[in-house]
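Worksheet: the structure to be examined is printed underneath.
Number of protein chains: 2
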Amino acid sequence: MTVARKPGFSDCNNATLRRAARSLGRFYDDALAPSGLKSTQFGLLFQIHIGDEPAMGAIAEALIMDLSALGHTLKPLIRDGYVETFPDKDDRRIKRVRLTPPGQAKLDEALKLWSAAQRQFEDKVGAEQAAKLRAALDAVADLDLKLPAAASSNRESGRRLIL
Amino acid sequence: MTVARKPGFSDCNNATLRRAARSLGRFYDDALAPSGLKSTQFGLLFQIHIGDEPAMGAIAEALIMDLSALGHTLKPLIRDGYVETFPDKDDRRIKRVRLTPPGQAKLDEALKLWSAAQRQFEDKVGAEQAAKLRAALDAVADLDLKLPAAASSNRESGRRLIL
DNA sequence: TTCAATTAGTGGCATATGCCACCTTATCCG
DNA sequence: CGGATAAGGTGGCATATGCCACTAATTGAA
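Same order as they appear, the protein sequences are chains A and B. Quick note: the first sequence uses the numbering used here, first residue 1, plus one each step. Quick note: the second sequence uses the numbering used here, first residue 164, plus one each step.
What follows is the structure, encoded as structure tokens:
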């Protein structure tokens, strides 16, 4: 029993999620490899792309990512000239982000590679199921989970997943 | 449109999965914080716990994690005295892993905290749905995805998700 | 207007993960 | 037996993510 599965474990929603993320991440990473981008970077570039010169905070919020983590992750992309930042005109605290022309080109290039991976995944699990899974994952991500202790804003109670 | 959702994106199964993982990860991390363990470390300790002095490779395989990554992740746990390794009796290439008594104790402690988080999650999404989601994630994780180029072992074709 | 509270980011530190090059120990085979 | 391979890990390097402490710019109030 190498890959042990005693009762009580793998029941961990978080562990299961991370495991799947590692697995799928490698697949998409491999697919994007020719572009030199990691799947995470691709996702970040895309998020910036679809935003209107989004502020760091807005991006972090959309990706449910720590602001400082976003800052770190952005560095290699800035260093490689795919992304650039500039201060907001009205609020100097805000730093906005946008793709550079090379960044746009790189995203276009990666988009083709991504499509192939995405298509293969959907072929395997079915577009229908994939969509349901994404919906379920989005629902989980948006759950307002809080530890009982800080049980203050209990609105947001009965949101059900639509698996 | 801060959290932009233009068509074509968020359609990325991988990005959606990672986003959910970050979100849920924080919740479990917060829950386990009192123990001083991260949710990833907890999962690793548990995996070791349920194994019979598993070899590094076996653990990595079970968690679908890179072997070297496992080695890195194991370091802080070894440093803190929760885990120890020892060479296999018959094959000196193999390094086996086990929990130390303090490691066992720490796992027991964390298990209680984990239960609370797990329970809360299940209360929110429903045990039934949670189980289905985990099953779907396990199915995704075990998909034998390969890029078309290296399309060799095409067995493992039509595995369907059971969402 | 002035100062406290809030908002947006940064930098440092630590863990999480991967890939690749390299080292050892086993195995296979001619 | 001896060299070619395969198997199992390690170390170095790079990105991914988080938390915390701290700074700068805004806002809100007295």
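For glycine and all other residues, C-beta sits at the position ideal for the given N, C-alpha and C.
### Query
Would you call the CB atoms of Arg98 of chain A and Ile48 of chain A closer than 9 Å?
yes
#### Entry: Candidates B:Lys252, B:Lys258, B:Asp251 and B:Asp253: closest to Leu237 of chain B by CA position
B:Lys258
#### Entry: Pair within 9 Å by beta-carbon distance, Ser125 of chain B and Leu143 of chain A
Residue numbering for chain B in the displayed model covers 164 to 326; residue 125 of chain B lies beyond these limits and cannot be assessed.
#### Entry: Status (buried if at least 16 other CB within 10 Å, exposed otherwise) for Lys112 of chain A
exposed
### Query
Alpha carbon to alpha carbon, how far is Leu133 of chain A from Leu296 of chain B?
8 Å
### Task
List the residues of chain B whose Cβ lies closer than 7 Å to the Cβ of Met65 of chain A, in chain order.
Arg185
### Alpha-carbon spacing of Gly25 of chain A relative to Leu233 of chain B, whole angstroms
16 Å
### Query
Any idea if Leu37 of chain A is buried or exposed, counting beta-carbon neighbours within 10 angstroms, 16 or more meaning buried?
buried
### Task
Determine the closest residue to Phe27 of chain A out of A:Ala131, A:Ala116 and A:Gln104, with distance taken between C-alpha atoms.
A:Ala116
### Task
Rounded to whole angstroms, what's the CA-CA distance from Asp271 of chain B to Ala298 of chain B? Just pull it up for me.
26 Å
### Task
Could you list which residues in chain B have their beta carbon closer than 8 Å to that of Val140 of chain A, in chain order?
Ala183, Ser186, Leu187, Val288 and Leu296
### Message
For Thr122 of chain B, report the span of its beta strand (DSSP E) as first-last.
### Response
With chain B running from 164 to 326 in the structure shown, residue 122 of chain B is simply not present.
### Task
With 8 Å as the limit, tell me which residues of the region 85-114 of chain A have their beta carbon closer than that to any beta carbon of chain B; keep them in chain order.
Trp114
### Query
So Leu180 of chain B and Leu208 of chain B are in contact, right, with Cβ under 8 Å, and what is the actual spacing, rounded?
No, Leu180 of chain B and Leu208 of chain B are not in contact; Cβ-Cβ is about 24 Å, not under 8 Å.
### Under 9 Å from the C-beta of Pro148 of chain A: neighbouring residues of chain B
Ala279 and Gln283
### Message
Suppose you measure from the CA of Ile64 of chain A to the CA of Arg182 of chain B; what does that come to, to the nearest Å?
### Response
6 Å
### Message
Can you look up Leu237 of chain B in the DSSP assignment and give me helix, strand or coil?
### Response
helix
### Query
In angstroms, rounded to a whole number, what distance separates the CA positions of Ile59 of chain A and Thr40 of chain A?
13 Å
### Task
Run down chain B in chain order and give the residues with a C-beta less than 9 Å from the C-beta of Leu143 of chain A.
Ser186, Leu187, Phe190, Phe284, Lys287 and Val288
### Query
Leaving out five residues before and five after Phe249 of chain B in sequence, what residues of the same chain have Cβ atoms less than 7 Å from its Cβ?
Arg259
#### Entry: Start and end residues, alpha helix (DSSP H) containing Arg189 of chain B
Asn176 to Leu195
### Query
For Pro265 of chain B, is the classification buried or exposed, using 16 other Cβ atoms within 10 angstroms of its Cβ as the cut-off for buried?
exposed
### Message
Taking its Cβ as the centre, do 16 or more other Cβ atoms sit within 10 Å of Lys269 of chain B, making it buried, or is it exposed?
### Response
buried
### Task
Pick helix, strand or coil for Arg261 of chain B, following the three-state DSSP scheme.
strand
### Message
Tell me which residues share the same chain as Glu319 of chain B and place their Cβ nearer than 6 Å to its Cβ, disregarding the 5 neighbours each side in the sequence.
### Response
Note that Glu319 of chain B has pLDDT 38, beneath the 50 cutoff, so the model's placement of it is unreliable and the number below is only indicative. Asp307.
### Query
For Leu237 of chain B and chain A, any beta-carbon pair shorter than 9 Å?
no
### Other residues of its chain near Ser104 of chain A: CB distance less than 8 Å, five sequence neighbours each side excluded
The sequence shown places Gln at residue 104 of chain A, rather than the Ser named in the question. Cβ neighbours of Gln104 of chain A beyond the five flanking positions: His49.
### Query
Which same chain residues, not among the five before or five after Gly81 of chain A, have their C-beta less than 8 Å away from its C-beta?
Thr100, Pro102 and Gly103
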